[in-house]
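Residue numbers (UniProt numbering): 1 to 226.
What follows is the structure in structure tokens.
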């Protein structure tokens with residue numbers, strides 16, 4: 001595969017997975033290669049290769065004589081991904097709070113400011129992106145960018161859950177913002193134990209809000225509790 005084809009395949013993959021994450025392609029929806037080609041304005045080969053990769057990732061599946069479908073959100077996988085991220089990120093922020101050179105933390109402050117702006121405007125897609133930038137800052141601060149990149153490969157189901165959480169108006173966005181402020185304040189003031197506890201509370205929020213999300217979108221999930 002030449003570099004041009006590889007770049008087009010990567011572009012197709014990123015765009016499709018982004019649409020799955022943002023529920024533009026909703027869990028359980030039937031999709032077709034032709035409709036995606038038209039949607040993305042890309043050719044058959046890069047889209048086909050991207051779909052093969054997404055099938056390997058478990059984000060789409062094919063039923064013979066029926067078609068290709070977006071997988072539902074695997075709740076067990078989302079819970080396990082949250083467990084991995086919580087335990088890693090607690091160590092990351094603990095390390096960040098013990099780091100003297102915190103020049104990169106200005107990016108975390110900027111991300112919070114953007115979240116406040118997007119919350120006021122109801123722009124949950126941009127709010128989510130700013131949320132990701134906030135958390136990524138601590139991995140960059142501690143020279144663990146590769147860990148962040150690795151997390152993205154296991155975080156897909158958890159992130160799909162998080163996206164739905166933002167779509168539910170009765171779950172306050174300000175809770176997330178205030179928790180971010182607490183984490184950043186603890187890191188900037190070199191209080192690792194407080195930073196650790198703040199991250200644990202923040203990432204444990206999934207359990208506290210789980211039933212609200214599941215009740216609102218039961219058709220989007222596999223492995224629902226009985």
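Even glycine gets a Cβ: it sits at the ideal position worked out from N, Cα and C.
Query	Result
Taking all protein chains shown into account, decide if residue 74 is buried (16 or more other Cβ within 10 angstroms of its Cβ) or exposed.	buried
For the beta strand (DSSP E) containing residue 62, name the first residue and the last one.	60-63
What are the boundary residues of the alpha helix (DSSP H) that includes residue 137?	124-141
How big is the Cα-Cα spacing for residue 168 and residue 213?	7 Å
From residue 58 to residue 204, what does the alpha carbon distance come to, in whole angstroms?	25 Å
How many whole angstroms separate the CB atoms of residue 209 and residue 165, which I take to be in contact at a CB cut-off of 8 Å?	6 Å
So which of 107, 61, 110 has the shortest CA-CA distance to residue 30?	61
Could you please give the first and the last residue of the uninterrupted alpha helix (DSSP H) stretch that includes residue 207?	205-216
Specify the secondary structure class of residue 30 as computed by DSSP and reduced to three states.	strand
So for residue 73, helix, strand or coil by DSSP?	strand
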